[in-house]
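Right, one structure below, let's go through it.
In my numbering, the protein residues as written are 230 to 737.
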């Protein structure tokens, strides 16, 4: 561990002592149900010391008081309100969005430009301007163009697996192979380069990308210090993305733009769309898309999709593997599409696959990538009383609220038999049997994930090609029943995800 990090941790501890003994108890003052915090750790101690998973921690907070509209918790020393009431969530995230336009930042944009200047981190008018510029990249027409690039990646990926299997079952670490697929899909759809991470496992794009998205060990400590005590992170110039990674992505985007300008190259990807917006500022508040800004937007697209989409694929594959009847029904639907499209599925055909869509939606209900959604108050806003007899709470700029996605999507008042994997709840008329407002795997309101269409299409394309060629079963190394790992803040099965892939007799 670097010595300066140890010194920083000590200073943070001293600051926390002062804060703990001088800060008035926010929740006691307002009569908000909450769990008593521990010094420095707040309500995070069990997660930090790996006594529970982060999502179980979210459930515990959510269930502090089942009749309350919102409850309180401490994210270390930072008081947070978890909103439980669906109507109140709608008011905050949609109707009164102008009071909650921002996320709580964890980086300094001057120190960490790749993180600090991207769409997720930007605030106010800067966020609006960049969002308006990037939104056209994710329309149906753009997705249709990117579909061809994705299909090529998925076909190459499945062919590579087929070569390794050679008519016999083989066990794979599904997180490893799926991150290689998402890496290749984002490389071509966002950055305009072609890589094959199955045949070239140590290609620079994959290796540096994996390093950038790995938040284990000392990097996790840096992240929590930067998030909870940004002043110290700024003073000590603590960075989460190292210089080699930054230089690689800046050079990649810069060289790509230069080559396209000089050679007149045009590709249906994110870089191209951003190039086309240069000089097209609609008003003085719209920020200029410089090379640095373009790199930042492309990088967060990579950062968000590399790991989280691969994790979704791991859970989808696992559910398919342990539910043979689901797998059989999916393969029937896939075979019909392949036959109808002569082995070359179209964008329209894959978007009309109702059962595949239902399987993915149900997986995201049970295992959303984000356990919670955060919003930062930007204007004074009065919350109604959390319980009868309590007083309203006036939120001030800087106050933080969470929407508990994980516990809400498993709440029996919104979903019948919520712990059971049941894709049929997303089929036809059954979709009216639950409250749609309680389902928010990609967020809610104007700041919901801009790349949701891309992630869904990328996942659908993968499983169309994968299940067309293979039967999937759980590997011998897979711990059953599957349990979530306590050793990481990201969603991961204890012992990892392991699959056996056996070529189907009817596959080509």
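Just so you know, even glycine gets a beta-carbon here, dropped at the ideal spot from N, CA and C.
In the DSSP output, what is residue 339 paired with across the bridge? Paired residue(s): none; residue 339 is not in a bridge.
For residue 348, the nearest candidate out of 357, 327, 341 (CA to CA)
When each option's Cα is compared against that of residue 348, the closest is 357.
query = Do you know how far the Cα of residue 681 is from the Cα of residue 403?
reply = 22 angstroms
**Asked** In whole angstroms, what is the alpha-carbon distance linking residue 709 and residue 553?
**Response** The alpha-carbon of residue 709 is positioned some 16 angstroms away from that of residue 553.
| Does the stretch 486-497 come close enough to the stretch 465-477 that 3 or more CB-CB pairs lie under 8 angstroms? | The stretch 465-477 is not in contact with the stretch 486-497.
Could you spell out where the alpha helix (DSSP H) holding residue 588 opens and where it closes? 583-595
Q | Residue of 416, 524, 451 minimising C-alpha distance to residue 479 | A | 524
Next item on the list: Would you list the residues sitting across from residue 732 in a DSSP beta bridge?
Entry: 699
Taking 8 angstroms as the cut-off, does the stretch 443-455 touch the stretch 420-428 (at least 3 CB pairs, one atom from each stretch)? Touching, no.
Quick one: residues in its chain with C-beta nearer than 7 angstroms to the C-beta of residue 321, no 5 flanking neighbours on either side, listed in chain order? 312, 329, 604, 630
With C-beta atoms as the reference, is residue 367 less than 8 angstroms away from residue 683? yes
| CB residue 477 to CB residue 433, shorter than 8 angstroms? | Result yes, Cβ atoms of residue 477 and residue 433 sit closer than 8 angstroms.
- prompt: Which value, in whole angstroms, describes the spacing of the CA atoms of residue 729 and residue 550?
  reply: Rounded to whole angstroms, residue 729 to residue 550 spans 9 angstroms at the Cα level.
Assumed close pair residue 679, residue 363 - CB separation to whole angstroms, cut-off 8 angstroms: Yes, residue 679 and residue 363 are in contact; Cβ-Cβ is about 6 angstroms, under 8 angstroms.
Q.
So, does the stretch 285-300 touch the stretch 606-626, judging by three or more C-beta pairs under 8 angstroms?
A. yes
| request: Counting only runs of 4+ residues fully inside the stretch 414-494, write out the alpha helix (DSSP H) ranges in chain order. | output: 433-442, 447-457, 459-464, 472-492
Checklist entry - Grouping DSSP H, G and I as helix and E and B as strand, with all else coil, what is residue 555? => result Collapsing the DSSP output to three states places residue 555 in a helix.
Tell me whether residue 257 is buried or exposed, calling it buried when 16 or more other Cβ atoms sit within 10 Å of its Cβ.
-> exposed
Checklist entry - DSSP three-state call for residue 498: helix, strand or coil? => result coil
message = So, for residue 656: in the same chain, excluding its five sequence neighbours on each side, which residues have a beta-carbon less than 6 angstroms away from its beta-carbon?
response = If we look at residue 656 and ignore the five residues flanking it on each side, its Cβ neighbours are 587.
#### Entry: Those residues which DSSP pairs with residue 307 across a bridge
304
Whole angstroms are fine: how far does the CA of residue 687 sit from the CA of residue 668? The alpha-carbon separation between residue 668 and residue 687 amounts to approximately 20 angstroms.
Original post:
With burial defined as no fewer than 16 other Cβ atoms inside 10 Å of the residue's Cβ, what is the status of residue 689: buried or exposed?
Top reply: buried
Own chain partners of residue 341 with C-beta closer than 8 angstroms, once the 5 adjacent residues on each side are dropped
468, 469, 470
Original post:
Which whole-angstrom value describes the C-beta separation of residue 599 and residue 415, a residue pair presumed to lie in contact below a C-beta threshold of 8 angstroms?
Top reply: Not quite, the Cβ-Cβ distance comes to about 19 angstroms (not below 8 angstroms), so this is no contact.
On a Cα-Cα basis, can you pick out the residue from 577, 652, 625 that is closest to residue 370?
Answer by Cα proximity: 577.
Worksheet item: Which first and last residues belong to the beta strand (DSSP E) in which residue 605 is found?
Response: 602-605
Report the rounded CA-to-CA distance for residue 277 versus residue 486, giving the unit in angstroms. 43 angstroms
- beta strand (DSSP E) containing residue 629: first to last residue? 629-632
Backbone CA spacing between residue 483 and residue 359 [nearest angstrom]: 19 angstroms
| Since residue 593 contacts residue 691 with CB under 8 angstroms, what's their CB separation in whole angstroms? | About 15 angstroms; that fails the 8 angstroms criterion.
Where DSSP assigns a beta bridge to residue 668, which residues make up the other side? None; residue 668 has no bridge partner.
Closest to residue 546 by CA distance: which of 647, 695, 658 is it?
695
Whole angstroms are fine: how far does the CA of residue 393 sit from the CA of residue 699? 12 angstroms
- Give the DSSP-derived three-state secondary structure of residue 349 in the structure shown. coil
- DSSP-derived helix/strand/coil call for residue 285: helix
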